[in-house]
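Trainee: Residue numbers (our numbering): 1 to 73. Note that beta-carbon positions come from the ideal geometry of N, C-alpha and C, so glycine has one too. What follows is a single structure, and I will ask about it in a moment.
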C-alpha cells in the first residue's frame with residue numbers, strides 16, 4: 001500500500017510540474033559580426049640561458065633539504 005501511494009504521489013508531482021505554462025516570449029537581439037579572413041601574428045619568444053651561478057633558475061633546481069644530509073648512527 002505504501003509503494004502504491006508513493007508511486008501515485010511521484011506521478012502527481014511530475015504531472016503538476018509539466019502542466020505549468022510559464023513560457024514567456026524572449027526577445028533576442030541579433031548582433032552582426034564580420035569574418036576576418038587575414039590574420040597576421042608575429043610573436044617572437046626568446047628562451048634565455050643563464051650562465052651565471054647566481055641565477056634564480058639554477059638556485060631553484062639545486063635546492064637541498066635538511067633531510068638530505070647524512071646522519072651518524
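1) Helix, strand or coil for residue 18, going by three-state DSSP, please let me know.
2) Once DSSP output is grouped into helix, strand and coil, what is the label at residue 71?
3) Return the CA-CA distance between residue 59 and residue 69, expressed in angstroms with no decimal places.
4) Do you know offhand how far residue 23's Cα is from residue 10's?
Mentor: Inspection of the coordinates gives the following:
1) helix
2) coil
3) 18 Å
4) 24 Å
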